[in-house]
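> Handing you a structure now.
Numbering (the UniProt record's numbering), first residue to last: 1 to 422.
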């Protein structure tokens, strides 16, 4: 079945589409035409029933980085910026995680995405009371383990890294960190994420966080990741040297400091620390500082065989304060990929994956502004078929150990019950 006919079978135009395919080129007697229409009506109803439970055979892509929309978690008193002291709501108000997952998958189907990695965003110690953890993601994933995959670490490992300075790390802290990481491995994560070395505040309620990419606990995570052959998902703006914060970023949030520390050398130290640790640098093509250039990325990829990139195209084309164009964007104003980015993705077609970084799951998805899922995946059709297949699927399968078609989905349900009864 091609994507066009699948789409027709899933919506109200399906009957008209099928009837037109049968009769539009022929003149039938009235009685025969009525019988044809009756037959098509029955066939359509049956076909629509089948379509409710299948995935289009052309769904082939893998998105390595999505989140649950925090708006969908508000019934649980969720907040990005402070601990939640709200008691659990009544049963009638609890979140329908199964429906939330269904909404995510319906959007995935429209863009040909077969599987996606769902993970909590990076958090700092002051946020550890929020109800957005890997267990929250499991609440959705357990219903759709063949479509949604688990990432974890942003909720429990990232805060530990930010809690302790370099000189404060003891053997007890290292043991605590390892214990938390191993708990995630047991839960069935496919990636440690989302981890953050530099996270800018994009609104007043949005956190700012910065730590050295070669912090001792990041190096320990690299060792743990290498032991289990699980990649690390890293959020980091590129800062090659100590700089003043761009005015555009200072204007949008008072949480952002006036100065930023260099982090590229720290990233290289992390990459060199354990060559078996796969680091996937997220949000390439979404550059809020201006140093995530093709030239810099090329140099890093050539030097470090364990570095991978995840591309993202945001709907926003301007800087956050609208003072100018976003730097180093992959597409132009007409959503066409710049030739230099096509060449870059072709040259490093084995090292690039797709991570849309969208916040998904709202029942009325239109209530959230256009962000990055559709905008990112729509560029695949502009790439040569072989390159699109690598970047959109086969690289993710290899880097994240997805074994192409999963022989049997991980038994998230039993793991979920076990983890939440301890």
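Cβ coordinates follow ideal geometry from the N, Cα and C atoms, glycine included. Because the structure is a prediction, the values reported are computed rather than measured.
From residue 264 to residue 238, what does the alpha carbon distance come to, in whole angstroms?
As a working mapping, residue 264 is identified with position 264 in the chain shown. As a working mapping, residue 238 is identified with position 238 in the chain shown. Each residue's Cα considered, the two are about 7 angstroms apart.
> Of all the beta strand (DSSP E) runs that stay within the bounds of the stretch 138-219, which reach a length of 3 or more residues?
DSSP runs (the beta strand (DSSP E)) wholly in the stretch 138-219: 148-153, 191-199.
> Touching or not, the stretch 174-185 and the stretch 98-106, by the rule of three or more beta carbon pairs under 8 angstroms?
Judged by Cβ distances under 8 angstroms, the stretch 174-185 makes no contact with the stretch 98-106, as fewer than three pairs qualify.
> For residue 236, which residues does DSSP report across the bridge?
On the chain shown, residue 236 is found 236 positions in, with the first residue counted as 1. 198.
> Exposed or buried, which one is residue 170 when buried takes at least 16 other CB atoms within 10 Å?
Position 170 of the chain shown holds residue 170. When all chains shown are included, residue 170 counts as exposed.
> Near residue 377, which residues of its chain fall below 6 angstroms by C-beta distance, leaving aside the five closest residues on each side in sequence?
Translated into the one-based positions of the chain shown, residue 377 becomes position 377. Taken in chain order, the residues that qualify are 111.
> What's the gap between the Cα of residue 346 and the Cα of residue 95?
As a working note, residue 346 is residue 346 in the chain shown. As a working note, residue 95 is residue 95 in the chain shown. Looking at the two C-alpha atoms, the distance is approximately 43 angstroms.
> Thinking C-alpha only, which one of 257, 235, 381 is nearest residue 245?
Position 245 of the chain shown, counted from the start, is the residue given in the question as residue 245. The candidate whose alpha carbon is nearest that of residue 245 is 257.
> For residue 114, count neighbouring C-beta atoms within 10 Å of its own C-beta (all shown protein chains included) and say buried if the count is 16 or more, exposed if not.
As a position in the chain shown, residue 114 is number 114, starting the count at 1. Buried, because 16 or more other Cβ atoms sit within 10 Å of the Cβ of residue 114.
> What are the start and end residues of the alpha helix (DSSP H) that includes residue 97?
On the chain shown, residue 97 is found 97 positions in, with the first residue counted as 1. Element bounds for residue 97: 97-110.
> Any idea what DSSP makes of residue 331, helix, strand or coil?
The residue labelled residue 331 in the question sits at position 331 within the chain shown. Residue state, collapsed to three classes: strand.
> In terms of residues, what are the limits of the alpha helix (DSSP H) holding residue 345?
Within the chain shown, numbered from 1, the residue matching residue 345 stands at position 345. Taken as a continuous stretch (DSSP letters only), the alpha helix (DSSP H) holding residue 345 covers 339-347.
> Where does residue 12 sit, in a helix, a strand or coil, going by DSSP?
Locating residue 12 in the chain shown gives position 12, where the first residue counts as 1. Confidence at residue 12 is low in this model, with a pLDDT of 45, below 50, so its placement is unreliable and the value that follows should be read with caution. Residue 12 falls in the coil class under three-state DSSP.
> Which same chain residues, not among the five before or five after residue 60, have their C-beta less than 8 angstroms away from its C-beta?
Stepping through the chain shown from its first residue, residue 60 is reached at position 60. Hits under 8 angstroms: 112, 114, 389, 392, 393.
> Given a cut-off of 8 angstroms, decide if residue 185 and residue 435 are closer than it, judged by their beta-carbon atoms.
This structure cannot speak to residue 435, because the chain is shown only from 1 to 422.
> For residue 234 and residue 262, which I take to be in contact (beta-carbon distance under 8 angstroms), what is that distance rounded to the nearest angstrom?
Here residue 234 is taken as the residue at index 234 of the chain shown, counted from 1. Here residue 262 is taken as the residue at index 262 of the chain shown, counted from 1. Not confirmed; about 16 angstroms, so no contact.
> Tell me which residues share the same chain as residue 286 and place their Cβ nearer than 7 angstroms to its Cβ, disregarding the 5 neighbours each side in the sequence.
As a first step, residue 286 must be located in the chain shown, where it is residue number 286. 312, 314, listed in sequence order.
> So, at 8 angstroms on beta carbons, what are the nonlocal neighbours of residue 296 in its own chain, with the 5 sequence-adjacent residues on each side left out?
Stepping through the chain shown from its first residue, residue 296 is reached at position 296. Here the set comprises 238, 240, 264.
> Which residue comes first and which comes last in the beta strand (DSSP E) that contains residue 64?
Here residue 64 is taken as the residue at index 64 of the chain shown, counted from 1. 61-68 is the extent of the beta strand (DSSP E) around residue 64.
> Going by the DSSP bridge assignment, what does residue 119 pair with across the sheet?
If you number the chain shown from 1, residue 119 lands on position 119. The partner list for residue 119 (beta bridge, DSSP) is empty, contrary to what the question assumes.
> Could you pull the start and end residues of the beta strand (DSSP E) that residue 273 belongs to?
Mapped onto the chain shown, residue 273 falls at position 273. Segment 264-273 is the alpha helix (DSSP H) holding residue 273; no beta strand (DSSP E) there.
> Can you confirm whether the stretch 115-124 touches the stretch 141-159 when touching is taken to mean that 3 or more C-beta pairs between the two stretches lie within less than 8 angstroms?
Result yes; three or more Cβ-Cβ pairs closer than 8 angstroms.
> Which of helix, strand or coil does DSSP assign to residue 385?
Working through the chain shown from its first residue, we reach residue 385 at position 385. It is helical.
> Could you pull out every residue in the same chain whose Cβ sits closer than 7 angstroms to the Cβ of residue 271, ignoring the five residues on either side in sequence?
Residue numbering aside, residue 271 sits at position 271 when the chain shown is read from its first letter. 279, 304, 306, 307, listed in sequence order.
> Which value, in whole angstroms, describes the spacing of the CA atoms of residue 222 and residue 274?
Here residue 222 refers to the residue found at position 222 of the chain shown. Here residue 274 refers to the residue found at position 274 of the chain shown. C-alpha separation (whole angstroms): 6 angstroms.
> Starting from residue 297, trace the alpha helix (DSSP H) in both directions and tell me its first and last residue.
The count along the chain shown starts at 1 and reaches residue 297 at position 297. Counting along the chain, the alpha helix (DSSP H) containing residue 297 begins and ends at 294-303.
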